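If you count the sequence shown from 1, you need to add 6 to reach our numbering. Reading through the structure tokens given below for one structure.
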Amino acid sequence: MRIALIVLAPLALAGAALAQPLSPNPPKTTIQCIEGGGQLIPPVCDVPASRLDNREYICTCPNGGQRVDVSICARGQIPPPEGKALNIARSTAIKDGSLVGDKLGDRPICVAPRNLH
């Protein structure tokens with residue numbers, strides 16, 4: 007019994023250590039709520055009460071739409087303009103539950119980072 011505990015304890019601690027990082031800061035992705043036609047519905051997000059930490063604890067879609075992961079634009083990137091072309095691109099791309107890595111023309115589909123100031 008004692009040998010089993012000696013062997014299993016480090017494995018349990020290693021599993022807990024691997025599960026520690028919840029999300030990077032600054033985050034690389036966020037959540038959007040998207041209707042079947044590609045239109046955006048505002049998500050409801052619980053965020054830290056800090057201007058330094060711009061992560062999101064959890065985002066939900068209580069007003070409808072599919073919960074979809076989307077990249078946050080890197081410095082210098084500009085999100086594609088809202089319009090019919092973006093709605094069509096989003097409605098076809100959300101079938102896998104993510105917009106990460108998807109593009110509209112030559113622009114990546116991304117959202118501007120949250121303004122913390």
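Glycine residues also receive a C-beta, built at the ideal position from the N, C-alpha and C atoms. Just so it is clear, the structure is predicted and the values come from calculations on it, not from any experiment.
- Message: Across the segment 100-117 and the segment 75-92, are there enough close Cβ pairs to call them in contact, namely three or more that are closer than 8 Å?
- Response: yes
- With a CB to CB cut of under 6 Å and the five nearest residues on each side skipped, what residues in its chain are close to residue 108? On the sequence shown, position 102 is the one that residue 108 refers to. Once the five neighbours on either side are set aside, the close Cβ partners of residue 108 are 99 and 115.
- Query: DSSP state of residue 34, grouped into three classes?
  - Reply: Walking along the sequence shown from the start, residue 34 turns up at place 28. Of the three classes helix, strand and coil, the one that applies to residue 34 here is coil, per DSSP.
- Item | First and last residue of the uninterrupted beta strand (DSSP E) at residue 56 | As a first step, residue 56 must be located in the sequence shown, where it is residue number 50. It is not in any beta strand (DSSP E) - residue 56 carries neither H nor E in the DSSP assignment.
- Buried or exposed: residue 58, going by 16 or more other Cβ atoms within 10 Å of its Cβ? Looking up residue 58 in the sequence shown gives position 52. That one is exposed.
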